[in-house]
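Q: Just dropping this structure here.
Numbering (full-length UniProt numbering), first residue to last: 1 to 556.
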């Protein structure tokens, strides 16, 4: 019944192994996979934004380079004198707009910075630009792309200017880039709902309009974050001044010391990664729950089968013990018959004597006192028969196993009393060295009775095989050890060889002739004693006898 008492413990052990063993590697693989996948996703997101910045920056660079090339080509095809003529300048501007459509006006400046000719929506002829930064920079460097500025027009615009080496003196050709077209080119990048691209100069001033915040020619408060170096994948996450975390990537232009910046709210940029995390979490919860459910179901089935197997084992064990007990009863049958026969003969004699007394009483000369004595003798013999049959019934009756303290002296004397008649019938001297007030052992009395009856009956059989009906001896003695009590059953029978000694506790092994034994007795005895925390030792010499010593734990 041990497994029934430990059902919960065994169930927890099985469930723990069935769930933790597969769950731990499952979760480890899932977490490692999630980490690797998240890293790949983050790299992909950052790389995509960074690549967008590089591609769009290259496009803006190319656009500015083409505008400068347009002016250089026009200066190559026309002279200062020709372009100073309004009609010729108008025609040249028309051709320029037809080829690129990127300019709003066109102007010619002499070496002193005077606007000598102009075509466009404003009246700018004659204005002196000698002190303007863009003019001086163009004359010094050969070409110039300006920051966004208002100038004489009082409206934000960008100009492209090139210096032309004339026949007699250098001069400057300048054109204004179509502001709307340029803003559309820069701000044409849209990544989701919050992603955008814009230009800033070295001072962080907007050179293109942002769709989310800030105005053209204002300073970007997050400018320092754009130029602190690239992240691990060319992009990084910044905390903007407005409290929104954003992913940012930027690239410097070659045609102008501007920086093209691409930004997107972190929440939107990593939205797909968050969905992946939710899916992984769902898989973890679902997979873990599934494993737990399967583990609980299988554990319940396994524990149920173990319980049924235990019940069957206990049932078979009880049947085995009962079969062994019945076999012992068969071994003692002759002794019981002899013991019952003695009181029956006495009773028969007393009944004959009572008949004679009754005859004398009828004749008037009987003695009623003698009749009472005979009745008392009948009662005594009936009690003896009752005690014998009761002991047989108690031994053969099926009873539940229950351990308790057993006084070994009185217990062994009762066992010896059950086999003494068999010993007398067989002519065997049955000796005892049992203290009247011995110590107690802890065990089941019915099982212990089965053990010692089997050992004594085996000893009687061994003695009878060697000595017949004369000269046999069996001794039952108690030895008080330090922690255990030792009960020895000694005989001067046939003894056993070493080969037989090695097998005596094996089930169904017997050294008796066919039909004389089942081979269950000693194996059952060994199991009973071991279950009580004791052990059986045997020493034997062929032709000299055997000693079986049962060591049992003392009752504390």
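All C-beta atoms, glycine included, are put in the ideal place defined by N, C-alpha and C.
If you draw a straight line from the alpha carbon of residue 474 to that of residue 432, how long is it in whole angstroms?
A: Start at 1 with the first residue of the chain shown, and residue 474 comes out as number 474. Start at 1 with the first residue of the chain shown, and residue 432 comes out as number 432. Cα-Cα distance, rounded: 9 angstroms.
Q: If you draw a straight line from the C-alpha of residue 448 to the C-alpha of residue 23, how long is it?
A: Start at 1 with the first residue of the chain shown, and residue 448 comes out as number 448. Start at 1 with the first residue of the chain shown, and residue 23 comes out as number 23. The straight-line gap from Cα to Cα measures roughly 49 angstroms.
Q: Where residue 263 and residue 221 are concerned, what is the direct C-alpha to C-alpha distance, given to the nearest angstrom?
A: Here residue 263 refers to the residue found at position 263 of the chain shown. Here residue 221 refers to the residue found at position 221 of the chain shown. Cα to Cα, residue 263 sits roughly 14 angstroms from residue 221.
Q: Cα separation between residue 79 and residue 244?
A: Walking along the chain shown from the start, residue 79 turns up at place 79. Walking along the chain shown from the start, residue 244 turns up at place 244. If I take the Cα positions, the gap works out to 55 angstroms.
Q: Tell me whether residue 155 sits in a helix, a strand or coil according to DSSP, three-state version.
A: Working through the chain shown from its first residue, we reach residue 155 at position 155. The answer is coil: DSSP assigns residue 155 none of H, G, I, E or B.
Q: In angstroms with no decimal places, state the Cα-to-Cα distance between residue 546 and residue 312.
A: Taking the first residue of the chain shown as 1, we reach residue 546 at position 546. Taking the first residue of the chain shown as 1, we reach residue 312 at position 312. Spanning the two alpha carbons is a distance of roughly 36 angstroms.
Q: Rounded to whole angstroms, what's the CA-CA distance from residue 2 to residue 505? Just pull it up for me.
A: Translated into the one-based positions of the chain shown, residue 2 becomes position 2. Translated into the one-based positions of the chain shown, residue 505 becomes position 505. Reliability fails at residue 2, whose pLDDT of 43 lies under 50, so the model's placement of it is uncertain and the value that follows must be treated cautiously. If you take the alpha carbons of residue 2 and residue 505, they lie about 24 angstroms apart.
Q: Nearest-angstrom Cα distance between residue 292 and residue 273?
A: On the chain shown, position 292 is the one that residue 292 refers to. On the chain shown, position 273 is the one that residue 273 refers to. Going from the Cα of residue 292 to the Cα of residue 273 covers about 28 angstroms.
Q: Note down the Cα distance separating residue 141 from residue 270, rounded to an integer number of angstroms.
A: On the chain shown, residue 141 is found 141 positions in, with the first residue counted as 1. On the chain shown, residue 270 is found 270 positions in, with the first residue counted as 1. Near 45 angstroms, if we compare the C-alpha coordinates of residue 270 and residue 141.
Q: Going by other Cβ atoms of all chains shown within 10 Å of its Cβ, with 16 needed for buried, is residue 496 buried or exposed?
A: Residue 496 sits at position 496 when you count from the first residue of the chain shown. Residue 496 is buried by the Cβ-count criterion.
Q: If you drop the 5 nearest sequence neighbours on each side, which residues of the same chain put their C-beta closer than 8 angstroms to that of residue 156?
A: Translated into positions along the chain shown, residue 156 becomes position 156. Correct list, in chain order: 148, 149, 150, 179, 216 and 217.
Q: Where does the unbroken alpha helix (DSSP H) through residue 90 begin, and where does it stop?
A: Walking along the chain shown from the start, residue 90 turns up at place 90. Note, residue 90: alpha helix (DSSP H), 86-99.
Q: Assuming residue 161 contacts residue 174 (C-beta within less than 8 angstroms), just tell me the rounded distance between them.
A: In the chain shown, counting from the first residue as 1, residue 161 sits at position 161. In the chain shown, counting from the first residue as 1, residue 174 sits at position 174. With 8 angstroms as the limit, residue 161 and residue 174 qualify as a contact, their Cβ atoms being about 4 angstroms apart.
Q: Using the C-alpha atoms, what's the distance from residue 492 back to residue 405?
A: Taking the first residue of the chain shown as position 1, residue 405 is located at position 405. Taking the first residue of the chain shown as position 1, residue 492 is located at position 492. Their backbone Cα atoms lie some 32 angstroms apart in a straight line.
Q: Restricting to Cα atoms, I'd like to know which of 464, 252 and 477 is closest to residue 260.
A: The residue you call residue 260 lines up with position 260 of the chain shown. Out of 464, 252 and 477, 252 has the C-alpha closest to the C-alpha of residue 260.
Q: Can you tell me where the alpha helix (DSSP H) with residue 537 in it begins and where it stops?
A: One-based indexing of the chain shown puts residue 537 at position 537. From DSSP, residue 537 is part of no alpha helix (DSSP H) but of the beta strand (DSSP E) over 535-541.
Q: Just the Cα atoms here: how many angstroms apart are residue 501 and residue 297?
A: The residue given as residue 501 occupies position 501 in the chain shown. The residue given as residue 297 occupies position 297 in the chain shown. So the two alpha carbons sit approximately 48 angstroms from each other.
Q: Check whether the stretch 50-69 and the stretch 83-97 touch, using three or more Cβ-Cβ pairs below 8 angstroms as the test.
A: The stretch 50-69 vs the stretch 83-97: no contact.
Q: Once the 5 residues before and after residue 548 are set aside, which same chain residues still bring their CB inside 6 angstroms of it?
A: Along the chain shown, one-based indexing puts residue 548 at 548. These residues qualify, in order along the chain: 455, 489 and 538.
Q: Going straight from the alpha carbon of residue 541 to that of residue 452, what length do you get?
A: Working through the chain shown from its first residue, we reach residue 541 at position 541. Working through the chain shown from its first residue, we reach residue 452 at position 452. C-alpha separation (whole angstroms): 21 angstroms.
Q: Taking just the CA atoms, how far does residue 439 sit from residue 407?
A: Your numbering for residue 407 matches position 407 in the chain shown. Your numbering for residue 439 matches position 439 in the chain shown. About 6 angstroms.
Q: Taking the alpha-carbon positions, what's the residue 7 to residue 303 distance?
A: Counting from 1 along the chain shown, the entry for residue 7 is found at position 7. Counting from 1 along the chain shown, the entry for residue 303 is found at position 303. If I take the Cα positions, the gap works out to 7 angstroms.
Q: Can you give me the Cβ contacts of residue 514 inside the same chain, cut-off strictly under 8 angstroms, excluding the 5 residues immediately before and after it?
A: On the chain shown, position 514 is the one that residue 514 refers to. Its pLDDT being 49, under 50, residue 514 is placed unreliably by the model, and nothing is read from it.
Q: Buried or exposed for residue 358, going by 16 or more other Cβ atoms inside 10 Å?
A: As a first step, residue 358 must be located in the chain shown, where it is residue number 358. Exposed.
Q: Does DSSP put residue 488 in a helix, in a strand, or in coil?
A: Position 488 of the chain shown, counted from the start, is the residue given in the question as residue 488. It is a strand residue.
Q: How long is the line joining the alpha carbons of residue 476 and residue 487, rounded to whole angstroms?
A: Within the chain shown, the letter at position 476 stands for residue 476. Within the chain shown, the letter at position 487 stands for residue 487. So the two alpha carbons sit approximately 7 angstroms from each other.
Q: Would you please state the rounded distance, in angstroms, between the beta carbons of residue 138 and residue 168? I believe it to be under 8 angstroms.
A: What you label residue 138 is simply residue 138 of the chain shown in a count that begins at 1. What you label residue 168 is simply residue 168 of the chain shown in a count that begins at 1. That belief does not hold up - the Cβ atoms of residue 138 and residue 168 are roughly 19 angstroms apart, past 8 angstroms.
Q: Going by other Cβ atoms of all chains shown within 10 Å of its Cβ, with 16 needed for buried, is residue 115 buried or exposed?
A: The sequence position of residue 115 within the chain shown is 115, counting from 1. Label assigned to residue 115: buried.
Q: Considering only the beta carbon of each residue, do residue 18 and residue 235 sit closer than 7 angstroms?
A: On the chain shown, residue 18 is found 18 positions in, with the first residue counted as 1. On the chain shown, residue 235 is found 235 positions in, with the first residue counted as 1. Cβ distance not < 7 angstroms, so residue 18 and residue 235 don't count as in contact.
Q: Which residues does DSSP list as the beta-bridge partners of residue 161?
A: Translated into the one-based positions of the chain shown, residue 161 becomes position 161. Per DSSP, 144 and 174.
Q: Output needed for residue 523: all residues of its chain with C-beta closer than 6 angstroms, excluding positions within five of it in sequence on either side, in chain order.
A: Your numbering for residue 523 matches position 523 in the chain shown. Closer than 6 angstroms at Cβ, skipping near neighbours: 505 and 507.
Q: Going along the chain, which residues of its own chain have a beta-carbon closer than 7 angstroms to the beta-carbon of residue 134, five neighbours each way excluded?
A: For this step, residue 134 is matched to residue 134 along the chain shown. Closer than 7 angstroms at the Cβ level, and outside the excluded window around residue 134, lie 144, 146, 159 and 161.
Q: Among 459, 468 and 414, which residue has its Cα nearest to the Cα of residue 446?
A: On the chain shown, residue 446 is found 446 positions in, with the first residue counted as 1. Of the candidates 459, 468 and 414, the one whose C-alpha sits nearest the C-alpha of residue 446 is 414.
Q: With H, G and I counted as helix, E and B as strand and the rest as coil, what does DSSP make of residue 503?
A: Your numbering for residue 503 matches position 503 in the chain shown. Coil, per DSSP.
Q: From residue 102 to residue 285, what distance separates their C-alpha atoms?
A: Stepping through the chain shown from its first residue, residue 102 is reached at position 102. Stepping through the chain shown from its first residue, residue 285 is reached at position 285. So the alpha carbons of these two residues sit roughly 59 angstroms apart.
Q: Kindly list the residues whose CB is nearer than 7 angstroms to the CB of residue 480, restricted to its own chain and excluding five residues on each side of it in sequence; keep chain order.
A: Counting from 1 along the chain shown, the entry for residue 480 is found at position 480. Here the set comprises 439.
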